[in-house]
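Colleague: Have a look at this one before I ask anything.
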Amino acid sequence: MSTKPLKQKLLYLAPCILLLFFVYVLLRQLFDRSRVTNLPVPLYRRKMSTTHFDRVTRKKKGSICPILQGGLGNRLFQFSTSFAVARTKQMELIVPADAEIRKVFEINVTSNKSKGLCKGFRKVLDKASPTFNKSLLNFSSEDNIQLGYGLQSWKYFHMYDKELRKQLTFRKHIQKTAEQTIWKILQRRKIKSRKSITLVGVHIRRGDKVRNNDGFNIATPEYLNRSVNYYAKRYASVIFLVISDGMDWSKNNMPSHVPVEFISLGKREFDMATVVACDHTIMTIGTFGWWIGYLTGGKVVYVKDAAKKGSRFERILNFEDHFYAEWVGL
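Numbering-wise (our numbering), the sequence shown opens with residue 2 and increments by one.
In structure tokens:
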């Protein structure tokens, strides 16, 4: 049997086999390269993009609703602390649209017409005021919080002093009334220039504090005498503008050796704005007088023995937390 035809066939098949092998290797390389180039990279990028999207869009922003109760001075502490905490934690501050402080001041934060919106929020309450309690604010910025009770320390909000003062600008009609009241006093006393006189606002708290058993030391005639002398010795021309919830007592006990004007405009916000328009402050006790001193921005004199010895008020009052260091206790 001849092997020549078989050899000839093999010679013809060899190039075909080599060609097929070459095509196979080439296709395999292209296939592998396609897997390496196309599959992992899109999957990796898609995963990173999703993670970033979740972090940016799914982060929950909490809200703070101040529990506004008590007198105007108390409500200012509650608002101011809530304002500062919301700024620090980057939370939303919600104040009811009909809140009293909105009617008095140019409050510019989120309003809430639905009174029930905040009711389901967790309550965080300051029961040891006037003392700064840092641990009170140990809640997540993703929580929804009702913040309330005293909060009567400047340490809660001093870091946002400039912004807070803008929020606590009296509404224009209140400012106008205060300015007109002062201008009438100057005209009656024939004082031509506001710059030529120093005005000291005096707030004398009486009312419910006279028979209060919590341990408040209300102002005495001796304290008022020391306070007016503090300013009379420092300024050549000075007038004292007095507001009070016990005006009869105040008229009988304010020192008579200095010029005094008694202000009673019928609404506490108008009285407050008038003495805030003064240069300096004499406060007695209470948060209303505290905020007069703060908003006036000049020197402030307060009762240094505001709490009776052994009283509840003495136990909770921290002078360093409640009064600014530059304020003067007499």
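Cβ coordinates follow ideal geometry from the N, Cα and C atoms, glycine included.
This one's a predicted model, so the numbers in the text were calculated from it and none came from an experiment.
Going by beta carbon distance, what residues of the same chain come within less than 7 Å of Ser154, once the five residues before and after it are set aside?
Modeller: The residue labelled residue 154 in the question sits at position 153 within the sequence shown. Excluding positions up to five away in sequence, the list reads Pro131, Thr132, Phe133, Asp322, His323.
Colleague: Between Gly121 and Thr182, what straight-line distance do the alpha-carbon atoms span, to the nearest angstrom?
Modeller: Here residue 121 refers to the residue found at position 120 of the sequence shown. Here residue 182 refers to the residue found at position 181 of the sequence shown. C-alpha separation (whole angstroms): 45 Å.
Colleague: Alpha carbon to alpha carbon, how far is Tyr157 from Phe84?
Modeller: For this step, residue 157 is matched to residue 156 along the sequence shown. For this step, residue 84 is matched to residue 83 along the sequence shown. Using only the alpha carbons, I get a separation of about 9 Å.
Colleague: Comparing alpha-carbon positions, which option in Phe140, Val203, Ser112 lies nearest Thr297?
Modeller: For the purposes of this step, residue 297 is taken as residue 296 along the sequence shown, with counting starting at 1. Closest by alpha carbon: Val203.
Colleague: If we call anything under 8 Å between Cβ atoms a contact, is Phe80 one with Leu73?
Modeller: Reading the sequence shown from its first residue, position 79 is the one you call residue 80. Reading the sequence shown from its first residue, position 72 is the one you call residue 73. No, these two residues do not count as a Cβ contact at 8 Å.
Colleague: Since Leu266 contacts Val302 with CB under 8 Å, what's their CB separation in whole angstroms?
Modeller: In the sequence shown, residue 266 corresponds to position 265, counting from 1. In the sequence shown, residue 302 corresponds to position 301, counting from 1. Between Val302 and Leu266 the Cβ distance is about 23 Å, and since that is not below 8 Å, they are no contact.
Colleague: Which residue or residues does DSSP assign as beta-bridge partners of Ser64?
Modeller: On the sequence shown, position 63 is the one that residue 64 refers to. The partner list for Ser64 (beta bridge, DSSP) reads Glu93, Asn145.
Colleague: Let me check understanding here. Comparing Cα to Cα, which of Leu148, Pro260, Asn145 lies closest to Ile198?
Modeller: Translated into positions along the sequence shown, residue 198 becomes position 197. With distances taken between Cα atoms, Ile198 lies closest to Pro260.
Colleague: Give the DSSP bridge partners of Ser245, in chain order.
Modeller: Numbered from 1 along the sequence shown, position 244 holds the residue referred to as residue 245. Answer is Ile205, bridged to Ser245.
Colleague: What residue range is occupied by the uninterrupted beta strand (DSSP E) comprising Val125?
Modeller: Along the sequence shown, one-based indexing puts residue 125 at 124. Element bounds for Val125: 123-127.
Colleague: From Ile108 to Thr221, what distance separates their C-alpha atoms?
Modeller: The residue you call residue 108 lines up with position 107 of the sequence shown. The residue you call residue 221 lines up with position 220 of the sequence shown. Cα to Cα, the separation comes out at about 36 Å.
Colleague: Determine contact between the segment 241-248 and the segment 311-320, defined as no fewer than three beta-carbon pairs at a distance below 8 Å.
Modeller: no
Colleague: Using the DSSP secondary-structure output, state which residues sit across from Thr111 in a beta bridge.
Modeller: On the sequence shown, position 110 is the one that residue 111 refers to. Looking at the DSSP assignment, Thr111 forms a beta bridge with Ile95.
Colleague: Give, in chain order, every unbroken run of the beta strand (DSSP E) that is at least 3 residues long and sits entirely within the segment 215-265.
Modeller: 239-245, 261-263
Colleague: Skipping 5 residues on each side, what residues in its chain have a beta carbon closer than 8 Å to that of Met248?
Modeller: Taking the sequence shown and counting its residues from 1, the one referred to as residue 248 is at position 247. Excluding residues within five positions, the ones whose Cβ falls inside 8 Å are Phe263, Ser265.
Colleague: If I'm right that Ile286 touches Arg206 with Cβ under 8 Å, what's the distance once you round it to whole angstroms?
Modeller: Locating residue 286 in the sequence shown gives position 285, where the first residue counts as 1. Locating residue 206 in the sequence shown gives position 205, where the first residue counts as 1. Right, their Cβ atoms sit about 5 Å apart.
Colleague: Indicate the three-state DSSP secondary structure (helix, strand or coil) for Ala85 in the structure shown.
Modeller: Counted from its first residue, the sequence shown places residue 85 at position 84. It is helical.
Colleague: With Val304 as the anchor, note down where its beta strand (DSSP E) starts and where it stops.
Modeller: Sequence index remark: in the sequence shown, residue 304 carries index 303 (1-based). Val304: not part of any beta strand (DSSP E); DSSP gives it neither H nor E.
Colleague: Using DSSP bridges, identify the partner residues of Gly330.
Modeller: One-based indexing of the sequence shown puts residue 330 at position 329. Answer by DSSP bridge pairing, in chain order: Tyr303.
Colleague: Hey, would you say Tyr232 sits closer than 8 Å to Val276, going by beta carbons?
Modeller: For this step, residue 232 is matched to residue 231 along the sequence shown. For this step, residue 276 is matched to residue 275 along the sequence shown. Against a cut-off of 8 Å, the Cβ pair of Val276 and Tyr232 comes out as no contact.
Colleague: Looking at the structure shown, is Phe140 part of a helix, part of a strand, or coil, going by DSSP?
Modeller: Here residue 140 refers to the residue found at position 139 of the sequence shown. DSSP places Phe140 in coil when its eight states are reduced to three.
Colleague: Just to check, is the beta-carbon of Arg189 closer than 7 Å to a non-hydrogen atom of the ligand MN?
Modeller: In terms of ligand content, the structure shown is empty, and the ligand MN therefore cannot be addressed.
Colleague: Please state the DSSP three-state secondary structure of Ile183.
Modeller: Translated into positions along the sequence shown, residue 183 becomes position 182. Shown here, Ile183 sits in a helix according to DSSP, grouped into three states.
Colleague: As a quick exercise: from Phe289, Asp306, Arg76, pick the residue whose alpha carbon is nearest that of Ile219.
Modeller: The sequence position of residue 219 within the sequence shown is 218, counting from 1. Checked all of Phe289, Asp306, Arg76; the closest Cα to Ile219 is Asp306.
Colleague: Please list the terminal residues of the continuous beta strand (DSSP E) segment that includes Met284.
Modeller: Stepping through the sequence shown from its first residue, residue 284 is reached at position 283. Segment 281-284, the beta strand (DSSP E) holding Met284.
Colleague: Tell me, to the nearest whole angstrom, how far the beta carbon of Leu138 is from that of Thr111; I am working on the premise that it is less than 8 Å.
Modeller: Residue mapping note: residue 138 aligns to position 137 of the sequence shown, counting from 1. Residue mapping note: residue 111 aligns to position 110 of the sequence shown, counting from 1. With 8 Å as the limit, Leu138 and Thr111 do not qualify as a contact, their Cβ atoms being about 20 Å apart.
Colleague: Buried or exposed: Asn145, going by 16 or more other Cβ atoms within 10 Å of its Cβ?
Modeller: In the sequence shown, the residue the question calls residue 145 occupies position 144. With 16 or more Cβ atoms within 10 Å of its Cβ, Asn145 is classed as buried.
Colleague: Hey, how far is the Cα of Ala87 from the Cα of Leu77?
Modeller: In the sequence shown, the residue the question calls residue 87 occupies position 86. In the sequence shown, the residue the question calls residue 77 occupies position 76. The alpha-carbon atoms of Ala87 and Leu77 are separated by roughly 15 Å.
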